[in-house]
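Before any comments, here is the structure.
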Amino acid sequence: MATTENLPTAEAERPIGFGRLKRKEDARFIRGQGTYLDDIRLPGMVHGAMLRSPYAHARILSIDTSRALAHPNVAAVITAKDLETLGLAWMPTISYDTQAVLAGDKVRFQGQEVAFVIATDEYSANDALQLIEVDYEPLPAVVNARKALDPDAPVIRDDKAGQRDNLASPLWEAGDKESTDRAFAEADTVVTRDIIYPRCHPAPLETCGIIADFNPATGQLDIYNGNQAPHAHRTVYAHVAGLAEHMIRIRCQDIGGGFGNKVPVYPGYVCAIAGSIVAGVPVKWVENRTENLTSTGFARDYVMRSEMCAKDGRITGLRVNVIADHGAFDSTAQPTKFPAGFFHIVCGSYDLQASHVQVKAVYTNKAPGGVAYRCSFRITEAVYLVERMVDALALEMKVDPIELRLRSFIAPAQFPYETTTGWTYDSGNYAATMQVAMDLAGYNELRREQAEKRARGELMGIGVSFFTEGVGAGPRKHMDILGLSMNDGADLRVHPSGKAVVSISAQTQGQGHETTFAQIVAEELGIPPEDVEVRHGDTDRSPYGLGTYGSRSTPVSGAAVAVVSRKVRDKARQIAATMLETRPEDLAWEKGRWYVKGDPEKGALIEEIAARAYSGEELPEGFEGGLDAQVIYDPPNLTYPYGAYIAVVDVDPDTGHVKVRRFIAVDDCGVRINPMIVDGQIHGGLAEGIGIALMELLSFDEEGNCLNSSFMDYLIPTALECPDFELGETVTPCPHHPLGAKGVGESPNVGSPPAIVNAVIDALHETHGVEHIDMPCTPARVWAAMQGRPEPPQ
Amino acid sequence: MDVSIVVNGKQVTRDIEPRQLLVHFIRETPGLTGTHWGCDTSNCGACVVLMDGAPVKSCTILAAMCEGHEIRTVESLERDGRLDPVQQGFHERHALQCGFCTPGMLMTARALLDENPDPTDEEIRIAISGAICRCTGYKNIVSAVRWAAEHEAAAKHGDGLRQEV
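Top line first, the protein sequences correspond to chains A and B.
FYI, my numbering numbers position 542 of the first sequence as 872, with every residue one higher than the one before it.
FYI, my numbering numbers position 54 of the second sequence as 1100, with every residue one higher than the one before it.
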């Protein structure tokens, strides 16, 4: 077991291959020399600003842009009418719904896009927004997802032919109802809980933005944009704007965080493109923080009712009913065949007899979204639910929550394990990982401390969660987005000097791809990682692939890079055989060198082979020359990382304030390519998990006004809310990934909220009888629960 | 109106709108886009620069208010090809991921160490609590500032500073 406290050795810091290599990308960032979207200025560029609806639901009676157009610095004002003439008034969402680019007949959420102003500078564009006059007729708003299907609820999507209610997608089921009913009938303990995973927001520190630069002379559209899936965006623009895909180039330079928020195409992007086509100059649009929080992809918003049962001391069955609030347009992010994402992984890490899951999605007068905030398509909601339910069951059974988990885990010998909802988990040894977490935490000692504190009237809680995720979407036969298979390409070229360029379709937003992917090539070819340049973020210079989200970079693109490196290595073997005047099968590989079996002195270094590959000297029969290869990787399955998390909290008895005193995270993500980067990913996700559990919330009043539209009231944890995280690891390689690696980036966000909420309940249950508090566990909510008062309505 | 501000030791004079924010004034100076904007409300700290040596959030200061003052941005940290210890520390301890908050964090850390060369971890956490990092969970930032403090102290005693990146 390793912890972050073990300082790396000098050797480990300079690996040829895997290890704690410091990041290549740091050099520009620590000098303030990153190139984020807003840092780019093109000659003749003008600026866009968006007018947004103040109402959650209203009919638009008229829009008068004349005063805005009279502003001396305004070049154009675009409304839905103008877009209609271009065929751009509506755009497809990533869930096969449609979304208004600019509202024409009605606005359907507060903050919806109504008009787009283009001016010479940002200040003027924003001034001109105040000069546009829109006459609205307010309509009653549907805010509460539980009431969206009431017979008297106003129909939000009357733009859709045949839509008579607010059902966004039909009832979707997984698992088996009958066998689940049977498990419950045979059970000796059953618990029921209503649990909300509230609406929150990824809120990357850099907001969303775009520069669109259409060249009318050539028909070329250049786009600069920080998005997580540039190739998929290019295809969408080709469909939306009717432009030729090969004449669109998208460049994503440095991206100031994404966390799922930068997966979708937003109306502002389409308006900037339309603006550039109309105005013939580059148009930049960068949203402000309020726009980011109130109009771009939110996350979660699952209203859940669940029952869990046990028999003979272990968990046997699970029933879940979900109402998913998708907002005014269904733009949730998930593969096509999975309308509730991967939520049905809700059976968790347990060997259940049966489970049954039902999800119903509704429209409400709230911003569209349902993106995966550092999560593989609704797994966060699933893990939160199951891990809260296990704790509820443990309370009912009066058994230690870890004990109940240990009794119910899938055993190592059961892998590959088919879950009751149809997933095939690849590998795991859950009890071993749980034990490492208990040791690191000093679990028994913590329980003693808790008892002592309780006797003194202090409120301390210990919370556990154990998660299994399915990440790395995904196999072509099961998974696509908008018909695009979720495969990734990789292209590796070794130059005559032995230095290499690898082009990937994954899109970093801070994950350190330029370092990690160079390490994969280094490991496979035996050349130093500093001699490998990782190229990404430019659709003209990288192979097609679906980008970075759902922890898919290492599972899919990482595998692609390993496979393409091996192809190059095999090619090098052929060349080496010619160089060494032997047969390829008589050669053996050591890092960076092919040598003759039985005569290790006789060999060829990869750089010697590269030089030969481009030379005028003899090459193998029929060999084209050069040392390069390309692949498209279709993963055979998802990878299933898992982990055991323990949170220790103190609750202030006078205020209800929760302080996370310790957080222990033991992750098993298989083989770690760069353990330093993996640790960093885990730290970051844990901080987000603390935010979600205790602070982050998008809430609305009855009229649909968003109450958390800036960082003044959408609270993000600072260094003072985060403890000094304590990490540990176990390593259970993925059997089907070429490197044995699994995804990890999202695990900490997935696993930490239930650990923290479980800790809060653990602190309060015995003394105050509290059974559940919905997130975020703010002082007001915790205090209300301590007084036995109902929670404030959501 | 004409405003004249010393930015990283150079006098920058420009005719601006009175309402122009300092962050925009800085970012419109060629080559100085290291100072970022993240929130509008003084919460995130991506825009922190030093004004006469003290950290300020440049998104909530008018450029006009800086007439005659000295502003230091992240671009001034590296001197004569030598990184500032806080820059080196952030690299050594993996204290940055997407890099967007990094300039503000670096300037905040620089101001802290100028004021308190040997801060405790708690003092570091308080000092950076006006800045949001969405990627690192702060643990490695605290460690990086400690690294800088220790190496700065060592450098003063003639042990020198390892220079990479």
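Note that the Cβ used here is the ideal one computed from N, Cα and C, for glycine as well.
- Only His1140, Leu1142, Gln1143, Cys1144, Gly1145, Phe1146, Cys1147, Thr1148, Pro1149, Leu1152, Asp1167, Ile1170, Arg1171, Ile1172 from the region 1139-1172 of chain B bring a Cβ to less than 8 Å from some Cβ of chain A.
- Burial of Thr1048 (chain A) is indicated by the presence of at least 16 other C-beta atoms within 10 angstroms of its C-beta.
- The C-beta of Thr1182 (chain B) has 16 or more other C-beta atoms within 10 Å across all chains shown, which makes the residue buried.
- If you look at Phe847 (chain A), you'll find it isn't in any beta strand (DSSP E); it sits in the alpha helix (DSSP H) that goes 843-855.
- When Cβ pairs closer than 8 Å are counted between the two stretches, the region 488-498 of chain A is seen not to touch the region 439-457 of chain A, the count staying below three.
- For Lys897 (chain A), there is no enclosing beta strand (DSSP E); the enclosing alpha helix (DSSP H) has its first and last residue at 889-909.
- Under the criterion of beta carbons closer than 8 Å, Ala433 (chain A) and Ser383 (chain A) qualify as touching, at roughly 7 Å.
- Straight through space, the alpha carbons of Gln363 (chain A) and Arg564 (chain A) are spaced by roughly 27 Å.
- In summary, the residues of the region 1085-1106 of chain B whose CB is separated from some CB of chain A by less than 8 Å are Cys1085, Asp1086, Thr1087, Asn1089, Cys1090, Ala1092, in the order they occur in the chain.
- Taking C-beta atoms as the reference points, Gln841 (chain A) and Thr878 (chain A) count as a pair closer than 8 Å.
- In this structure, Glu1076 (chain A) and Ile1091 (chain A) do not form a Cβ contact; the two beta carbons are roughly 24 Å apart against a cut-off of 8 Å.
- Under the three-state reduction of DSSP output, Val1001 (chain A) falls in the coil class, being neither helix nor strand.
- With at least 16 other beta carbons inside 10 angstroms of its own, Gly347 (chain A) counts as buried.
- Contact between Glu1138 (chain B) and Lys352 (chain A) holds, since their C-beta atoms are separated by about 7 Å, short of 8 Å.
- Look at Ser815 (chain A) here: in three-state DSSP terms it is strand.
- Minimum Cα-Cα distance from Ala517 (chain A) among the listed residues A:Asp488, A:Ala405, A:Val437, A:Ala640 corresponds to A:Ala640.
- When CB distances to chain B are screened at a threshold of 7 Å, the residues of the region 1035-1066 of chain A falling below it are Ser1040, Phe1041, Met1042, Ile1046, Thr1048, Ala1049, Leu1050, Cys1052, Asp1054, Phe1055, in chain order.
- Scanning A:Ile486, A:Gly699, A:Asp369, A:Asp818 for the CA closest to the CA of Arg529 (chain A) turns up A:Gly699.
- One thing to note: Ala836 (chain A) has its Cβ within 8 Å of the Cβ of Gly875 (chain A).
- The contact set of Thr1075 (chain B) on chain A, defined by CB atoms closer than 9 Å, is empty, because the minimum CB distance reaches about 12 Å.
- Asn618, Arg619, Thr620: these are the residues of the region 616-642 of chain A whose beta carbon lies less than 8 Å from some beta carbon of chain B, given in chain order.
- Looking at the DSSP output, Cys1036 (chain A) sits in a beta bridge with A:Phe1030.
- Thr450 (chain A) and Trp1083 (chain B) have their alpha carbons spaced roughly 20 Å apart.
- Around the beta carbon of Ala771 (chain A), 16 or more other beta carbons lie within 10 angstroms, which makes this residue buried.
- In the assembly as shown, Lys667 (chain A) is an exposed residue. Its beta-carbon has fewer than 16 other beta-carbons within 10 Å.
- The beta carbon of Ala892 (chain A) is closer than 7 Å to those of Ile850, Glu854, Pro1068, Leu1069 in its chain, skipping five residues each way along the sequence.
- Asp368, Asp369: these are the residues of the region 368-402 of chain A whose beta carbon lies less than 8 Å from some beta carbon of chain B, given in chain order.
- Taking a Cβ-Cβ cut-off of 7 Å, the neighbours of His1013 (chain A) in chain B comprise Thr1182, Gly1183, Lys1185, Asn1186, given in sequence order.
- The C-beta distance from Tyr760 (chain A) to Tyr747 (chain A) rounds to 10 Å, too long to fall under 8 Å, and the pair is not in contact.
- Distance from the CA atom of Arg649 (chain A) to the CA atom of Arg523 (chain A), rounded to whole angstroms, is 11 Å.
- Distances from the CA of Ala475 (chain A) to each of A:Gly1081, A:Arg913, A:Glu503, A:Thr694 were compared; the closest alpha carbon is that of A:Thr694.
- Residue nearest to Pro1063 (chain A) within the set A:Pro885, A:Asp980, A:Leu917, A:Glu947 is A:Pro885 (criterion: CA-CA distance).
- Residue environment: His1013 (chain A) is assigned as buried (16 or more neighbouring CB atoms within 10 Å of its CB, all protein chains considered).
- Listed in chain order, the non-local C-beta contacts of Glu948 (chain A) below 8 Å within the same chain comprise Thr908, local neighbours out to five positions each way being set aside.
- A straight line joining the alpha-carbon of Ser425 (chain A) with that of Asp1098 (chain B) spans about 52 Å.
- The C-beta of Pro930 (chain A) has fewer than 16 other C-beta atoms within 10 Å across all chains shown, which makes the residue exposed.
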